[in-house]
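*Asks:*
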Amino acid sequence: MKLLFVSNLFPDRREIQRGLDNAQLLKHLASACSIRVVAPRPRLPWSRRATPEPRGEDAAFCPVFPPAWYLPKVGSRVNHLLLAGALRGPIADLRRQGLFEMALVSWLYPDGCAVARLAREMGFPFVLVAQGSDVHQYLRNSVRRRLILEAIRRSGAVICRSADLARLLREAGAESGKLEIGYNGVDTKLFHPADKAGVRRRLGLPEEAFIVAQVGNLLPIKNPLLSVEAFGILRRRGLARPARLVFVGDGPLRAAVEESARRLGLSGAVMLTGRLPDYQVAAYLQAADTLCLSSWNEGLPNVILEALAAGLPVVATRVGGISEVVNGPPLGRLVAPGDAAELADALAQTMQNVPPAEALVDFAQRFSWERTAQIYLQILRRAGDGRSQS
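For the sequence shown, the residue numbers in this note's numbering are 11 to 400.
#1: Please state if the CB of P340 and the CB of L370 are separated by a distance shorter than 8 Å.
#2: Can you give me the C-alpha to C-alpha distance between D260 and R163, rounded to a whole angstrom?
#3: Using the three-state DSSP reduction, which class does I45 fall into: helix, strand or coil?
#4: Do S152 and the ligand NAD come close, with the Cβ less than 7 Å from some heavy atom?
#5: Using alpha carbons as the reference points, say which of N151, A102, W56, G192 lies closest to G331.
#6: Going by DSSP, which residues form a beta bridge with P52?
#7: With T300 as the anchor, note down where its beta strand (DSSP E) starts and where it stops.
#8: In the DSSP assignment, what residue or residues form a beta bridge with L344?
#9: What do you reckon, are the CB atoms on V168 and L179 nearer than 8 Å?
#10: For T300, does the count of other Cβ atoms within 10 angstroms reach 16, so buried, or fall short, so exposed?
#11: Going by the DSSP bridge assignment, what does F15 pair with across the sheet?
#12: What residues are listed by DSSP as bridge partners for C170?
#13: Using the C-alpha atoms, what's the distance from A298 back to M361?
#14: Can you tell me whether DSSP reads L26 as helix, strand or coil?
#15: Where does the unbroken beta strand (DSSP E) through A359 begin, and where does it stop?
#16: Beta carbon of V335, beta carbon of L353: below 8 Å?
#17: What is the DSSP secondary structure of S277, reduced to helix, strand or coil?
#18: Nearest to E111 by alpha carbon, out of D68, P100, S44?
#19: Figure out for me which residue from L14, P366, L81 has the closest Cα to the Cα of L128.
#20: Establish whether the CB of R285 and some CB of chain C are separated by less than 8 Å.
#21: Pairs of beta-carbons, one from the region 173-189 and one from the region 142-154, closer than 8 Å: are there three or more?
#22: Indicate the three-state DSSP secondary structure (helix, strand or coil) for R87 in the structure shown.
#23: Let me know if V84 comes out buried or exposed under the rule of 16 or more other beta-carbons within 10 Å of its beta-carbon.
#24: Closer than 8 Å is the cut-off here; do at least three beta carbon pairs connect the region 342-358 with the region 316-332?
#25: CB-CB under 7 Å to L200, same chain, minus the five flanking residues each way: which ones, in chain order?
#26: Report the rounded CA-to-CA distance for T61 versus P76, giving the unit in angstroms.
#27: Examine the Cβ distances between the region 78-97 and the region 119-133 and report whether three or more of them are shorter than 8 Å.
#28: Return the Cβ separation of L228 and L263 in integer angstroms, given the expectation that the two are a contact with Cβ distance under 8 Å.
#29: A317 by DSSP, collapsed to three states: which one?
#30: Can the beta-carbon of V16 be found less than 8 Å from the beta-carbon of L97?
#31: Kindly identify the DSSP beta-bridge partner or partners of G259.
#32: Could you give the distance in angstroms between the alpha-carbon of R328 and the alpha-carbon of L303?
#33: Exposed or buried, what is E131 when buried is set at 16 or more other beta-carbons lying within 10 Å of its beta-carbon?
#34: Beta strand (DSSP E) containing I221: first to last residue?
#35: State the beta-bridge partners of V196 as determined by DSSP.
#36: Mapping the DSSP letters down to three states, classify R254 as helix, strand or coil.
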C-alpha cells in the first residue's frame, strides 16, 4: 500500500516530542506500506520561522513541513481553507508522481477537514484519526463541529484512539459504522522496568524518596497546578519517607508551576526537567514510583501505557478514555478532576501499596505497536476497498 500521512502532529529536529506517537505508528506500518509524510506547521501571518528539519530516523518518509497560516480564535470558518491551500501543492506533486494511493490524516480540524477538501478535488480515499482535543474541545464550536462531521462523512473511516472519543463523535452525529477504535501502542523495547536505584543515581534523584512523575505539556488542560497542590497536601500530612514531584515536559504554565511550588514551600521537592527526548522520558519513568496525571480532559494519553510498561501504577483524573485502561488497582487509581484532596489520597494509597511491577508490565504487553499497526492496516484496507465518499 502506498500511504500518505498528513498531520501537524509529527516530530522534527526542534520539536522532538510533537506527534511522537504518530512517528512510532508509521515506523510499524512501514513494513507493509510505502509512506510519505506531509506535516504542515501552523504559523501566524506575521511570524517568521525557519523551515523545520526532519529527524534522521524519519528520513525514509521524506517528510515535508509546509508552512500554513492560521487565524487564532476567529479563524474557525477559514483555517481549514488556509491549510488546504498550503497542502495543495505538496499533495498534488506526490499524487502526480504516483507516490500514494490513500491518505491517513491525524487531527480532525483543520487537518482532516483540509484533506477532505483536497481528496474531493484529486480523487483519493482517506482515513481520519481522532486524537483527543480535536474532539473534546472542537465539537463545542458549531462551525468546527459541522466541518468535522462533513469530513467524517466523506472519509472511509475514523480511527478513534479511545472508545470515549468514538462515543462523543457518535453523539455529535457521526455515522457509527465509520467509527473504529485503535488504541495507541507502546514501545516495550524502550519503556520497561530497570534498576531503579541505578537510574536514580544517574539522574541525580534521591534513592530513598517516593517519586511521583508527571509527563506531558504544561498546559491549562493538563492542570499541572492541581498536582502541585495535591503534592503539598500529601507532604503536610507527614510521610514515612521523603517524596519528590518531577514534571517531565514544558509549556506556558511552567512559571506558574514554579511559583506554586515556591508559595507552598515545595521548591526543593518539585523538579521540572523541561522537554526531553523519549529515551530520557523512559529513564524518568524507570526512576519513578508512580505516574500522576491531573488533566481536565484527555483522550487516552500514551504516557499511561508507557508508565505501565515501565512497571508504574497510575494515579489520574477520571476523564476521557483513561478508565478504559486504568480501572482500579493494581493498574492505578482514578479521582475526580479538580479535586486536590482526593488526588493526594490516591497518591498516599499508592505510596502505601505499591503493586508488583510484573503485573503492570504483563498488562501493557497487549498494547504493542505491532498489534496497533495491524489494526490500522485492516481499517485502511477496508476503507481503500470501499473508497471515501466524494
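Cβ coordinates follow ideal geometry from the N, Cα and C atoms, glycine included.
*Replies:* If we stick to the structure as given:
#1: yes
#2: 37 Å
#3: strand
#4: For the structure depicted, the ligand NAD is absent and the ligand set is empty, with no information on it obtainable.
#5: G192
#6: A78
#7: 300-303
#8: A326
#9: Yes, the Cβ-Cβ distance between V168 and L179 is below 8 Å.
#10: It counts as buried.
#11: V47, L114
#12: C170 is bridged by DSSP to A140, I191.
#13: 11 Å
#14: Residue identity differs from the one stated: residue 26 is Ile in this sequence, not Leu. Three-state result, I26: coil.
#15: The question names Ala, but residue 359 is Gln in the sequence shown. From DSSP, Q359 is part of no beta strand (DSSP E) but of the alpha helix (DSSP H) over 350-362.
#16: no
#17: coil
#18: S44
#19: L14
#20: Absent here is chain C; the protein component of the structure consists of one chain.
#21: yes
#22: coil
#23: exposed
#24: yes
#25: Result list for L200: D288, Y289, A292, in chain order.
#26: 8 Å
#27: yes
#28: 4 Å
#29: In this structure, DSSP gives A317 a helical state, which the three-state scheme calls helix.
#30: yes
#31: G284
#32: 10 Å
#33: exposed
#34: 220-225 is the extent of the beta strand (DSSP E) around I221.
#35: S378
#36: strand
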